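In our numbering, the protein residues as written are 441 to 863. The C-beta atom is built at its ideal place from N, Cα and C for all residues, glycine as well. This structure is a prediction, so every number in the text was calculated from the model and none was measured.
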Amino acid sequence: MSTLPSQPNCTDFFDPRTISVTTALNRILDRLRPVKGCETVSLDIALNRVLAEPLVSSFDVPLHTNAAVDGFAIRSRDLPPSGQTAVFQVIGEALAGHPFSDDIAPDQSVAIMTGAPLPDETDTILMQEHVKALEGNRILVGDRHHAGENVRRAGEDIRQGETVLKPGRLLTPADLGLIASLGIIEIKVKRKLKIAVLSTGDEILPQGVPRKPGKLYDSNRFSLMAVLRKLPVEILDYGIVPDDPSLLRQAFEDAIDRSDVIISSGGVSVGEADYTQKVLAELGTIDFWKVAIKPGRPLAFGQPGNSAFFGLPGNPVAVMVTYYRFVLPALYHMAGTDSPPLIPAFPARTVEALRKKPGRTEFQRGILSVDAEGRWQVETTGQQGSGILSSMSLANCFIVLEHERARVEAGETVTVWPFSALM
Ligand code: AMP
Ligand code: MG
């Protein structure tokens, strides 16, 4: 069933039906549900996967109270009172992995290495550098010490029975180390999203064929598949589909069967929208939105079958902007995580004035650098046309100019999203 068969185009920004970036994203997130399936995977390939079970520790970490430094293990009750010294006999050594297991008598100590479990009865480690070695395997100890110093307590990291990670967690490198410390090697995660990618347009040529007047080589599929490859997803490459209803229908039907998400580019602006709209309207719900964003104004979103469909604009810069702003948050949502990476937005000073109209969010391409005082500064890449892909290539960040903002003067603070931190 078709809901809003309007036909947005790239130029008119003052249509009352235009929706804000936030409204568009909220509508998308409201309608999409996380995938249900799970699978068991080995920890070494679980980075960026979404945990599907609570992870509970069956023991304390660290398992034993152990030395935090190299030094001497003693009983704190043998420490000298203030103003006095004491002498300890060193009766053995404890190494990481090789505990000292004999008994220890008053005024005795054990040489101990970092990570070695504390011998029974001892509770304090004197740092090597804080004692004086005496003849006959003895050490001289001053009055600067206190009970329990330089000791890592059993369970101080994780307590037995504690839930270490909850379902929905997007697994980070540190998480994988943490899980490994529990002795676990396989975990249950949400299954990977299957994502179909296609380019549409009669004018789009595949690489390897001779160029022709009025035609251009497909670039969107390559940018899109490259950003998708950073995620643990399965990509289905549907190539280029011409502006032909029956071929579009065939491609969409197949993609609906085989994937969770379909991302197409092109064919969502005036005139062209007809095909995508007509075909998808027969297969499920589809909306065509005019979003107050530049570039990226026309955006199609729908749910044909059990899939989510994103019809991105054809312009190569608009494709990347709408991917990061709408598709990526939707993918994290569908992957089932409640801890998606933060968008790496931070303030920087613009070295030049920026043209901007209020009433839409603009993603200009910027070059971020550090000025002589060590502060972030940004300039644009020059031409900001949404078809100028070289601007994306030249840029190392988006300059994000908020909805209400008007022209920005040189020296003002703007928000930047560095590409290096965008997943
Ligand atoms: P459309 O949204 O289909 O009207 O396309 C808008 C502009 O983007 C047109 O100039 C298209 O030629 C261009 N375009 C569409 N798809 C691609 C693609 N896959 N690669 C490069 N440019 C494209
Ligand atoms: Mg087209």
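Give a single yes or no on whether residue i has its beta carbon closer than 7 angstroms to a heavy atom of the ligand AMP.
i: Arg661; result: yes
i: Ile644; result: yes
i: Ser860; result: no
i: Leu656; result: yes
i: Gly827; result: yes
i: Ser747; result: no
i: Ser833; result: no
i: Ser621; result: no
i: Ser709; result: yes
Assuming residue i contacts residue j (C-beta within less than 8 angstroms), just tell me the rounded distance between them.
i: Pro865; j: Ala492; result: The displayed coordinates of the chain run from 441 to 863. Any statement about residue 865 would go beyond what the structure contains.
i: Phe838; j: Gly799; result: Between Gly799 and Phe838 the Cβ distance is about 19 angstroms, and since that is not below 8 angstroms, they are no contact.
i: Val550; j: Glu533; result: 6 angstroms
i: Ala526; j: Asp547; result: 7 angstroms
i: Asn660; j: Val759; result: 5 angstroms
i: Arg631; j: Glu479; result: 5 angstroms
i: Phe728; j: Pro738; result: 7 angstroms
i: Lys796; j: Ala740; result: The Cβ separation is near 26 angstroms, so there is no contact.
i: Glu626; j: Val481; result: 7 angstroms
i: Ala666; j: Asp700; result: 20 angstroms between Cβ atoms; not a contact.
i: Pro520; j: Val581; result: 7 angstroms
Does the beta-carbon distance from residue i to residue j come in below 8 angstroms?
i: Ala903; j: Ser516; result: Because the chain is modelled from 441 through 863, residue 903 falls outside the range shown and cannot be assessed.
i: Ala827; j: Asn755; result: Before going on, a small fix: residue 827 reads as Gly here, not Ala. Yes. Within cutoff.
i: Ala536; j: Ala508; result: no
i: Arg489; j: Val629; result: yes
i: Ile624; j: Leu483; result: yes
i: Ser522; j: Asp583; result: yes
i: Ile644; j: Asp658; result: yes
i: Phe692; j: Leu668; result: no
i: Ile565; j: Glu589; result: yes
i: Pro613; j: Leu768; result: no
i: Val761; j: Leu829; result: no
i: Asp518; j: Gln568; result: no
i: Leu611; j: Leu495; result: no
i: Ile702; j: Leu723; result: no
i: Arg592; j: Asn506; result: yes
i: Ser809; j: Ser705; result: no
i: Leu633; j: Val475; result: yes
i: Ala513; j: Thr562; result: yes
i: Val840; j: Phe803; result: yes
i: Pro682; j: Asp642; result: yes
i: Leu862; j: Leu771; result: no
i: Asp677; j: Val637; result: yes
i: Leu834; j: Thr821; result: yes
i: Val530; j: Arg609; result: no
i: Leu664; j: Tyr763; result: yes
i: Ile783; j: Val461; result: no
Report whether the distance from the Cβ of residue i to the nearest heavy atom of the ligand MG is below 7 angstroms.
i: Thr762; result: no
i: Ala790; result: In the sequence as displayed, the identity of residue 790 is Thr instead of Ala. False, no ligand heavy atom lies under 7 angstroms from that Cβ.
i: Thr855; result: no
i: Gly706; result: yes
i: Gly754; result: yes
i: Gly641; result: yes
Provide the residue span of the beta strand (DSSP E) that contains residue i, from first to last.
i: Tyr678; result: 674 to 681
i: Leu574; result: 572 to 574
i: Gly532; result: 526 to 534
i: Phe741; result: 738 to 744
i: Thr855; result: 853 to 858
i: Pro559; result: Counting along the chain, Pro559 falls outside any beta strand (DSSP E), and DSSP gives it neither H nor E.
i: Met567; result: 564 to 567
i: Gly617; result: From DSSP, Gly617 is part of no beta strand (DSSP E) but of the alpha helix (DSSP H) over 613 to 621.
i: Asp867; result: This structure cannot speak to residue 867, because the chain is shown only from 441 to 863.
i: Pro787; result: 786 to 790
Along the chain, where does the alpha helix (DSSP H) containing residue i start, and where does it finish?
i: Phe662; result: 660 to 668
i: Ala748; result: Run containing Ala748: none in the alpha helix (DSSP H); it sits in the beta strand (DSSP E), 748 to 752.
i: Ala545; result: Premise fails: Ala545 is in no alpha helix (DSSP H) and is neither H nor E.
i: Phe838; result: Run containing Phe838: none in the alpha helix (DSSP H); it sits in the beta strand (DSSP E), 837 to 841.
i: Gln690; result: 685 to 698
i: Val701; result: That residue, Val701, is in no alpha helix (DSSP H); its beta strand (DSSP E) goes 701 to 705.
i: Val461; result: 461 to 471
i: Ser830; result: 829 to 834
i: Ala770; result: 768 to 775
If we define contact as Cβ-Cβ less than 8 angstroms, is residue i a contact residue for chain D?
i: Thr480; result: Here there is only one protein chain, and chain D is not present.
Is there contact here, the segment 842 to 858 with the segment 788 to 799, by at least three beta-carbon pairs under 8 angstroms? yes
Check whether the segment 812 to 819 touches the segment 741 to 751, counting contact only when three or more Cβ pairs, one atom from each stretch, lie closer than 8 angstroms. no
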